[in-house]
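Notes for the one structure printed next.
Here it is, written out as structure tokens:
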């Protein structure tokens, strides 16, 4: 007869670390590298900012987050960024269509121009836009006699956001257009559909997810823009002062808590906005 000796609590404690090590050993090394990279680059900095903000008493946090100047900057930033992303959703798709569907002299140059905002320092972009759209600039001087001022106004902020976010839409839609088969259009035409009907009913549904993705990327890029807007805007409170510049002004005044609180609010609004766009994108994939 074989007798077994019951394991003691000490043996169980020794086996627990071994079990944990075995579980970790089963995790692919690519996962470890990925999550470690994301933790140090994104998660920890964001967590530190949120922790610093919520360490403030709720009354102080709420007062700073909902101050009239802060609320005005949120409205200017997010409404203008969404408008810029929406405009790029239309014209960026059109530019991608021209690049993919037509061969013409200067096509390579056009593609390089589209990518220009990626390579151009944002401060240089702001200086360029301010020069062109100022009252004495090439374009600003044309509308100045009609009392229209572009540079150093909210319109200038809008143009800067359009400028820096355009490539995101073009480069997101372009690969999808390349994958669409020409036979789909020809089949629609042979069935009597017009070009407009073909685009709306045959081409637009598969393009919609990529367009929404480009809009989301452009929106997130525009929301965080600082370098170009700080030059082309007058940065006047309640007029064209956007949240990133307000945060920098708080830092210049050594109001680190105020800058952190406003940054956390901006982070939350951006997260909700992008989540809504992603849900809309998922819906379009399912029912489009």
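Numbering (UniProt numbering), first residue to last: 1 to 288. Every residue gets a Cβ at the ideal spot worked out from N, C-alpha and C, and that includes glycine. Since we're looking at a predicted model, the values are computed, not measured.
Cβ pair residue i, residue j closer than 8 Å
i, j, result
"residue 119", "residue 228", "no"
"residue 80", "residue 170", "no"
"residue 174", "residue 100", "yes"
"residue 49", "residue 264", "yes"
"residue 152", "residue 233", "yes"
"residue 261", "residue 65", "yes"
Burial state of residue i (16 or more Cβ within 10 Å)
i, result
"residue 218", "buried"
"residue 1", "Residue confidence is low: residue 1 scores 49 on pLDDT, short of 50, so the model does not pin down where it sits. No coordinate-derived value is stated."
"residue 145", "exposed"
"residue 68", "exposed"
"residue 241", "buried"
"residue 46", "exposed"
"residue 247", "buried"
"residue 281", "buried"
"residue 283", "exposed"
"residue 108", "exposed"
Within-8 Å CB hit, residue i to chain B
i, result
"residue 191", "Absent here is chain B; the protein component of the structure consists of one chain."
Check whether the stretch 186-201 touches the stretch 37-56, counting contact only when three or more Cβ pairs, one atom from each stretch, lie closer than 8 Å. no
On the three-pair Cβ rule with 8 Å, is the stretch 106-122 touching the stretch 135-149? In short, these stretches do not touch, since the Cβ pair count stays below three.
Segment contact flag, the stretch 208-217 with the stretch 270-278, C-beta cutoff 8 Å, min 3 pairs: yes
Quick check: the stretch 128-136 against the stretch 220-236, are at least 3 beta-carbon pairs closer than 8 Å? yes
Segments assigned alpha helix (DSSP H), at least 4 residues, entirely inside the stretch 18-105: Taking 4 residues as the shortest admissible run, the stretch 18-105 contains the following complete alpha helix (DSSP H) segments, listed from N- to C-terminal end: 29-38, 44-54, 58-65, 68-101.
Contact between the stretch 199-211 and the stretch 175-184 (3+ Cβ pairs under 8 Å): yes
Taking the runs of the alpha helix (DSSP H) that are 4 residues or longer, which of them lie wholly in the stretch 142-213? Counting only runs that start and end inside the stretch 142-213, the alpha helix (DSSP H) elements of at least 4 residues fall at 154-179, 182-190, 195-198.
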